[in-house]
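J.:
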Amino acid sequence: MASMIAVNLEPDRLRVGSRGSINRMVEQVQQEKYTSQYAGNDVFEDNRSRNTSNAAQTGSTLLEQGQSAVDDARVSSTSALPSAPICRQFWKAGNYSDAHGSRVNLQSGKTYLHVHPMFLHSNATSHTWAFGAIAELLDNAIDEIQNGATFVMVDKISNPRDGSSALLIQDDGGGMDPEAIRQCISFGFSDKKSSEAIGQYGNGFKTSSMRLGADVIVFTRHMEERSATQSIGLLSYSFLMRMGHDRIIVPMVDYEFNTDIGKFGISRRHTNESFQANLSLLLQWSPYSSETELLKQFDDVGLHGTKVVIYNLWYNDDGNLELDFNKDPQDICIEGDTRKVESLPAWRTVKEQHIANRLHYSLRAYMSILYLRIPETFCIKLRGQVVMPHNLADDLKFPEYILYKPQAGGLREVNVITTIGFVKDAPHVNIHGFNIYHKNRLIKPFMQAMNLTSTRSRGVVGILEANYIQPTHSKQDFERTSIFQKLEVRLKEMAWEYWDYHCGLIGYHVTKKVRAVSSPSDPPAMSNQTFPTVGTEQAASPGLGVKRKEHSNSVTPDAVRKLPRLGEGVAVTSASSSSRHISQQQQNAVAVLMQDNQKLRADLFEYEMRKEELNLQVIKLTRELEEENAEYDRLMAELTLLDDMKLENQRVNIVM
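Counted the way our numbering counts, the sequence shown spans residues 32 to 687.
(1) Out of F162, K338, W122, S153, state which residue places its alpha-carbon closest to the alpha-carbon of L394.
(2) As an exercise, report each continuous beta strand (DSSP E) stretch of at least 3 residues that is fully enclosed by the region 428 to 461, in chain order.
(3) Pull up the CB-CB distance for R169 and V183, whole angstroms please, since I reckon it's below 8 Å.
(4) Tell me which residues share the same chain as Y319 and place their Cβ nearer than 6 Å to its Cβ, disregarding the 5 neighbours each side in the sequence.
(5) Please state the DSSP three-state secondary structure of A661.
(6) According to DSSP, simplified to helix, strand and coil, what is H533?
(7) Go ahead and pull the three-state DSSP assignment for S153.
(8) Kindly indicate which three-state DSSP category A387 falls into: helix, strand or coil?
(9) Straight-line CA distance for V492 to G452?
(10) Smallest Cα separation from D186: which of S262, H147, V417?
(11) Using only alpha-carbon positions, find the residue among K506, W345, T181 that is nearest to E366.
(12) Quick check on Y268: does DSSP put it in helix, strand or coil?
(13) From F295 to V454, what distance separates their C-alpha atoms?
(14) Looking at K338: is its Cβ nearer than 9 Å to the Cβ of Q201?
(15) Take S267 and list the residues in its own chain whose beta-carbon comes closer than 6 Å to its own, dropping the five residues that flank it on each side.
(16) Hey, quick one: how far does the alpha helix (DSSP H) through S305 stretch, first residue to last?
(17) Taking the runs of the alpha helix (DSSP H) that are 4 residues or longer, which of them lie wholly in the region 462 to 542?
(18) What residues match up with E694 in a beta bridge as DSSP calls it?
(19) Candidates L536, R472, S505: which alpha carbon is nearest P430's?
(20) Nearest CA to the CA of K506: which residue from T238, D331, V520?
(21) Taking Cβ to Cβ, would you say E175 is nearer than 9 Å to G194?
(22) Rounded C-beta distance between I212 and G264? I'm assuming under 8 Å.
(23) What do you get for A630, buried or exposed, if any count of 16 or more other CB atoms within 10 angstroms of its CB means buried?
(24) I believe L403 touches N471 by the beta-carbon criterion, under 8 Å. Please report the beta-carbon distance rounded to the nearest angstrom.
(25) Which of helix, strand or coil does DSSP assign to A180?
(26) Could you say if the region 147 to 161 and the region 286 to 294 meet the contact criterion of at least three C-beta pairs nearer than 8 Å?
(27) From L423 to R273, what does the alpha carbon distance come to, in whole angstroms?
(28) Would DSSP call L344 helix, strand or coil?
(29) CB Y468 to CB E496, shorter than 9 Å?
(30) Thinking just about the alpha-carbon of each residue, which of K123, E304, L313, S153 is nearest to the one in R192?
(31) Along the chain, where does the alpha helix (DSSP H) containing K294 start, and where does it finish?
In structure tokens form, the structure reads like this:
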């Protein structure tokens with residue numbers, strides 16, 4: 032059932048080079064045929080092809096024409112790599128000499144390529160920031176909202192095998208069937224066809240989980256019509272490196288719901304031999320030492336959902352866990368990353384506690400601004416507490432709205448509305464930059480488009496959603512394309528222009544007077560340094576002149592007010608900062624409502640479970656009724672036959 036990738040390396044056909052070519056390599060690899068290393072063994076190896084699943088289930092071997100079968104003795108599962116314990120510091124964990132390489136010579140003399148376990152580590156280095164890796168795992172849960180997900184929770188749990196800390200990420204989305212979880216753990220698969228989906232490469236789970244810890248185990252349950260499956264998969268860097276494997280092997284077991292006995296049993300995908308082989312590896316290398324413990328992890332999954340447990344978490348260079356679970360019992364922090372800022376003593380604490388600084392070391396702060404829009408039916412939980420969404424536009428005073436019309440791909444014109452203003456504590460707090468979202472997801476928080484050494488644009492903050500530019504693989508930056516570079520230039524000009532006209536509002540000398548609004552008969556004067564804008568929502572201070580000149584393609588205040596708030600539709604907000612302030616009393620009321628909502632969801636879950644039990648009972652009783660009806664029909668037929676025979680005997684006796 033399990034397959035090893037066997038890719039014929041013909042001259043100039045496949046080149047493995049820079050990280051940028053990895054995706055192209057994987058796409059080509061997936062189109063090649065596969066050779067089974069473990070015939071009849073269900074130890075799943077990475078890079079399965081969809082079109083080989085049926086053959087793999089029977090344990091058959093797929094070979095290129097004219098190619099002989101691969102003997103297990105000829106394709107070794109071990110290499111000359113040392114079996115010493117893996118270094119627990121992430122940035123040093125990949126320092127292993129690869130004496131074996133990633134090529135295997137087959138009987139026919141052809142050379143084949145497969146993915147070496149060390150690629151798991153090198154692939155994960157795209158995440159330089161641990162919170163960026165957690166964000167990618169959250170993206171998977173957000174994408175599950177369309178499948179009915181109502182929550183995702185992030186928490187610390189204890190590894191039952193050794194008591195060490197482990198990271199739990201769980202959602203109640205649609206879950207994955209056996210084929211989907213294999214695609215999730217292998218490379219280069221992505222079935223996210225929605226234009227709104229955040230993920231697209233099918234690589235995020237591997238890079239993010241391996242960035243956070245050496246090992247990850249996945250529990251997932253999926254329901255489809257009347258069938259239900261649950262699967263367990265293990266992606267273990269520790270297992271692969273310590274055992275010296277030269278390819279990625281993923282132990283995996285699957286269960287199917289049996290309506291006859293009313294519980295889950297071994298999936299028909301497995302033979303008993305292959306199931307036991309996979310289960311043995313799971314019990315040896317996972318945090319759970321028995322099948323009962325493994326299956327117990329599904330107790331809180333419900334009818335459908337996914338639970339990810341990342342263990343053997345990485346340490347930093349100081350020998351401490353990179354993720355700090357002790358600093359705040361309701362948060363997860365990055366150990367030692369609290370930022371000290373230079374400021375006047377009276378304002379130092381305010382600046383240090385500003386979200387622009389806290390997001391770098393506080394996961395709760397980062398998660399609160401990670402998404403522009405979260406449906407009311409969905410919540411993010413961290414350490415058992417709901418993460419309250421934070422609208423960055425609420426932190427601005429004297430906001431303006433600037434319409435930018437770039438051309439995507441040189442042909443299609445798009446509209447991007449940027450909310451720009453001064454941070455509330457400006458000029459005492461020197462926070463500035465642009466928060467750029469892509470498809471609802473924060474990619475660049477407080478991007479410095481301006482010169483840090485200049486007071487010009489001090490305290491100017493902007494928020495925009497730019498769906499026309501492409502984020503990088505890690506979703507922490509954008510591809511350095513000409514389109515993005517033009518956006519950077521435009522944002523810098525926006526910040527300077529806003530500062531030049533409005534710096535007087537925070538006590539600086541105005542360098543450019545705000546001009547009077549032209550009459551309708553006057554032609555609108557445009558310059559290269561101006562942008563279509565809406566005037567600030569608060570009147571300018573005395574002595575600053577009247578509002579800026581309107582432009583023919585400006586966004587009118589009425590039009591802005593008709594648009595949804597930032598976080599509800601587009602990157603626009605219309606209410607004044609004072610009216611948008613939420614009091615503590617309102618926050619408490621929201622918390623109470625959310626608790627009530629959670630209770631109702633729990634009740635709904637119980638009702639759904641009961642409904643499913645009743646449905647299964649109906650199916651069982653219907654089947655029994657059909658059997659009883661069949662038995663009744665058989666007995667009636669026998670009775671009729673006996674009656675006929677009795678009548679016939681009576682006639683015979685009368686005749687005699």
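Glycine residues also receive a C-beta, built at the ideal position from the N, C-alpha and C atoms. Please read these numbers as outputs of a predicted model, since none were measured by experiment.
T.: On the basis of the coordinates in this document:
(1) Counting from 1 along the sequence shown, the entry for residue 394 is found at position 363. Nearest option by C-alpha distance: F162.
(2) 447 to 454
(3) On the sequence shown, position 138 is the one that residue 169 refers to. On the sequence shown, position 152 is the one that residue 183 refers to. A small fix is needed here, since residue 169 is Leu in this sequence, not Arg. Indeed they touch by this definition, with Cβ atoms about 6 Å apart.
(4) What you label residue 319 is simply residue 288 of the sequence shown in a count that begins at 1. Result list for Y319: L325, in chain order.
(5) As a first step, residue 661 is located in the sequence shown; it is residue number 630 there, counting from the start. Helix.
(6) Taking the sequence shown and counting its residues from 1, the one referred to as residue 533 is at position 502. Three-state result, H533: helix.
(7) For the purposes of this step, residue 153 is taken as residue 122 along the sequence shown, with counting starting at 1. If DSSP states are grouped into helix, strand and coil, S153 belongs with the helices.
(8) By 1-based counting over the sequence shown, the position of residue 387 is 356. It is helical.
(9) As a first step, residue 492 is located in the sequence shown; it is residue number 461 there, counting from the start. As a first step, residue 452 is located in the sequence shown; it is residue number 421 there, counting from the start. In a straight line, the C-alpha of V492 is about 6 Å away from that of G452.
(10) Position 155 of the sequence shown holds residue 186. Nearest option by C-alpha distance: V417.
(11) One-based indexing of the sequence shown puts residue 366 at position 335. Nearest C-alpha to E366: W345.
(12) Taking the first residue of the sequence shown as 1, we reach residue 268 at position 237. In the structure shown, Y268 sits in a helix (DSSP, three-state: H, G or I).
(13) As a position in the sequence shown, residue 295 is number 264, starting the count at 1. As a position in the sequence shown, residue 454 is number 423, starting the count at 1. Approximately 56 Å between the Cα atoms of the pair.
(14) Sequence index remark: in the sequence shown, residue 338 carries index 307 (1-based). Sequence index remark: in the sequence shown, residue 201 carries index 170 (1-based). Cβ distance < 9 Å, so K338 and Q201 count as in contact.
(15) Reading the sequence shown from its first residue, position 236 is the one you call residue 267. Closer than 6 Å at the Cβ level, and outside the excluded window around S267, lie D246, W316.
(16) Here residue 305 refers to the residue found at position 274 of the sequence shown. Its alpha helix (DSSP H) spans residues 303 to 316.
(17) 513 to 533
(18) In this structure the chain extends from 32 to 687, so residue 694 is not present and cannot be described.
(19) Sequence index remark: in the sequence shown, residue 430 carries index 399 (1-based). Ranking L536, R472, S505 by Cα distance to P430 puts L536 first.
(20) Translated into positions along the sequence shown, residue 506 becomes position 475. Closest option to K506, Cα to Cα, is T238.
(21) Taking the first residue of the sequence shown as position 1, residue 175 is located at position 144. Taking the first residue of the sequence shown as position 1, residue 194 is located at position 163. Contact flag unset, no.
(22) Counting from one through the sequence shown, the residue named residue 212 turns up at place 181. Counting from one through the sequence shown, the residue named residue 264 turns up at place 233. Between G264 and I212 the Cβ distance is about 5 Å, and since that is below 8 Å, they are a contact.
(23) Looking up residue 630 in the sequence shown gives position 599. Per the sequence shown, the amino acid found at residue 630 is Lys instead of Ala. Exposed is the call here.
(24) Counting from one through the sequence shown, the residue named residue 403 turns up at place 372. Counting from one through the sequence shown, the residue named residue 471 turns up at place 440. Confirmed, about 5 Å.
(25) Taking the sequence shown and counting its residues from 1, the one referred to as residue 180 is at position 149. Coil at A180, not helix or strand.
(26) no
(27) By 1-based counting over the sequence shown, the position of residue 423 is 392. By 1-based counting over the sequence shown, the position of residue 273 is 242. About 46 Å.
(28) On the sequence shown, residue 344 is found 313 positions in, with the first residue counted as 1. In the structure shown, L344 sits in a strand (DSSP, three-state: E or B).
(29) The residue given as residue 468 occupies position 437 in the sequence shown. The residue given as residue 496 occupies position 465 in the sequence shown. The answer is yes: Cβ separation under 9 Å.
(30) Here residue 192 is taken as the residue at index 161 of the sequence shown, counted from 1. When each option's Cα is compared against that of R192, the closest is L313.
(31) Numbered from its first residue, the sequence shown carries residue 294 at position 263. Not the alpha helix (DSSP H): K294 falls in the beta strand (DSSP E), residues 294 to 297.
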